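In the working numbering, the protein residues as written are -19 to 516.
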């Protein structure tokens, strides 16, 4: 069997640059701060990091409104610091992915400012119109702040198209110059040593009348150009798609067999159904979405996650399911944003260690390359009183010293969590590193198991039936046998009949053919006898 590419079996760590580590005491995380914490990430066991946007930006949308695609925001350092980070990460066998934002720029970008004045070659770099009646079938994404996808520009005397904030005008990909400019942006960072891109907002690159302006054939054709450039010039690099779409639409972003578009796609529909299954104590939400997830090309991979830097999106559930999820997980209006929930993993689960571990177990046991959002490995909290999505982007809690070891500065633009449950004096890396029974050590164990057993990333999955709907059981082949994964989604202990097995987490053989899973319990069992038909 040929060796799998690095990105297919990697464990990823999503790192919000501004809140990770501050090296110069200005209260803002930076590149040198990340370098200083790479030894922790190496100890944790992750072998790829994904950096949030590092570009110069007015930060209307936290850096996703780019002013210069080929530089570093001065808050974070310099291009020299970026090169140093790449070198230091590679020295530790850690790959580095960055955010690529091809759909739009900031309205402060020189391209847009020049386009407003109708000056060549940028006069048609954006989507301009004499009226705001075009593309009426396209939905408004930021419903909390925007009432139209068009905004009037006084200088040019025309409307411009924007799928997100009005300060983020969409680029015009019908212009060949725009297409070439974005390919050159990719080349710039790849030449500096990055290992790939998480590509933001990919469904929206093109617009066509009479459509919802999402997932268009022209968009897929251009993304295939991106991939072809990577394959020809940077064959080691990876592209990961952010396409918050139903499974059938997301599948198309892998391209044609064996995969000529994105190497990886984030599996957005799976995430809310993990939380739904746990709240209902019922496996069917997970089974239903996995059965709707069609096989992907052999040269591709799903990227799976529990939480990230945005709200827990509920776009891919029904309106009735969304209302139910809001009632269960976001009863206070401040916990909600757009069509989602702006809370971190631990608060979503009421800081119940059993439930947190159960979801981490599912993240690593189900097929895909897992992504861990910074701070979730220690059960960090959130601050719903901060605006927009900032409540889930608070400073990393390194230790119990002032400012949680994040910064020695006096004034932090984003305050550390300092409440009785999730405050940095109680929840931090240093304390949990010293406690072998901590959440951090359990997550680290999952990471090291994933690294040691690459079958977890892509081996087939076979779901098993059980009379109790709270039992989610599945088995996966390893090449040298089978592993049985058991998860109790209910709040009651459940007893199962099991075949002879050894516990992968404790490395101990099971002494009985019966096993009782406590409420929200889980087990990973390596079967000691081969069986074609595992029954519980």
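Every residue, glycine too, gets a C-beta built ideally from N, C-alpha and C.
Being a predicted model, the structure only gives us computed values, none of them experimental.
Item: By Cβ distance below 7 Å, which residues in the same chain neighbour residue 197 in space, the five residues on each side in sequence not counted?; Value: none
Item: Please name the residue in 125, 126, 140 whose C-alpha comes closest to that of residue 132.; Value: 140
Item: What distance in whole Å lies between the Cβ atoms of residue 221 and residue 185, which are believed to be in contact at a cut-off of 8 Å?; Value: Actually they are not in contact, since the Cβ atoms of residue 185 and residue 221 sit about 12 Å apart, beyond 8 Å.
Item: Is residue 116 near residue 41, with beta carbons less than 9 Å apart?; Value: no
Item: Helix, strand or coil, according to DSSP, for residue 281 in the structure here?; Value: strand
Item: Note the first and the last residue of the continuous beta strand (DSSP E) segment covering residue 178.; Value: 176 to 179
Item: Which value, in whole angstroms, describes the spacing of the CA atoms of residue 155 and residue 104?; Value: 7 Å
Item: Please name the residue or residues paired with residue 516 in a DSSP beta bridge.; Value: Residue 516 pairs with nothing; no bridge assigned.
Item: Kindly confirm or deny that the segment 337 to 357 and the segment 499 to 508 touch, where touching means at least three C-beta pairs closer than 8 Å.; Value: yes
Item: Who are the near neighbours of residue 490 in its chain, counting only those whose CB is closer than 8 Å to its CB and skipping five residues on each side?; Value: 478, 480, 481, 482, 483, 505
Item: Spell out whether any CB of chain C is found under 9 Å from the CB atom of residue 217.; Value: The structure shown contains no chain C, having only a single protein chain.
Item: What residue range does the alpha helix (DSSP H) around residue 425 cover?; Value: 419 to 432
Item: Determine the DSSP secondary structure at residue 109, reduced to helix, strand or coil.; Value: strand
Item: May I have a chain-ordered list of the alpha helix (DSSP H) segments no shorter than 4 residues that lie completely inside the segment 147 to 220?; Value: 156 to 172, 197 to 213
Item: By the 10 Å Cβ neighbour count, where 16 or more other Cβ atoms means buried, how is residue 123 classified, buried or exposed?; Value: exposed
Item: For residue 467, write down the residues that DSSP places opposite it in a beta bridge.; Value: 452, 502
Item: Going by beta carbon distance, what residues of the same chain come within less than 7 Å of residue -12, once the five residues before and after it are set aside?; Value: 281, 349, 437, 438
Item: If you measure between the beta carbons of residue 85 and residue 52, is that distance less than 9 Å?; Value: no
Item: With the cut-off set at 9 Å, would you say residue 217 and residue 170 are in Cβ contact?; Value: yes
Item: Which residues mark the beginning and the end of the alpha helix (DSSP H) in which residue 64 is found?; Value: 59 to 71
Item: Could you please give me the residues that DSSP links to residue 494 through a beta bridge?; Value: 477
Item: Does DSSP classify residue 344 as helix, strand or coil?; Value: helix
Item: How many Å lie between residue 174 and residue 393 at the Cα?; Value: 29 Å
Item: Indicate the three-state DSSP secondary structure (helix, strand or coil) for residue 316 in the structure shown.; Value: strand
Item: Taking the C-alpha atoms as reference points, what is the distance between residue 403 and residue 182?; Value: 37 Å
Item: Would you call residue 532 buried or exposed, if buried means 16 or more other Cβ atoms sit within 10 Å of its Cβ?; Value: Residue coverage of the chain in this structure runs from -19 to 516, which leaves residue 532 outside it and unanswerable.
Item: Determine the direct distance from the alpha carbon of residue 487 to that of residue 476, and round the result to whole angstroms.; Value: 20 Å
Item: Would you call the CB atoms of residue 361 and residue 401 closer than 9 Å?; Value: yes
Item: Counting only the same chain and skipping the five closest in sequence on each side, list residues whose C-beta sits under 8 Å from that of residue 320.; Value: 290, 291, 292, 293, 294, 295
Item: Compute the distance between the beta-carbons of residue 195 and residue 223, then report whether it is under 9 Å.; Value: yes
Item: Buried or exposed: where does residue 127 fall if 16 or more other Cβ atoms within 10 Å of its Cβ makes it buried?; Value: exposed
Item: Bridge partners of residue 84, per DSSP?; Value: 150
Item: What number of angstroms, rounded off, separates the C-alpha of residue 409 from the C-alpha of residue 237?; Value: 43 Å
Item: Here's the rule: buried if 16 or more other CB atoms are within 10 angstroms of the residue's CB, otherwise exposed. What is residue -1?; Value: buried
Item: By Cβ distance below 7 Å, which residues in the same chain neighbour residue 110 in space, the five residues on each side in sequence not counted?; Value: 138
Item: Would you mind stating whether residue 425 and residue 495 have Cβ atoms separated by less than 9 Å?; Value: no
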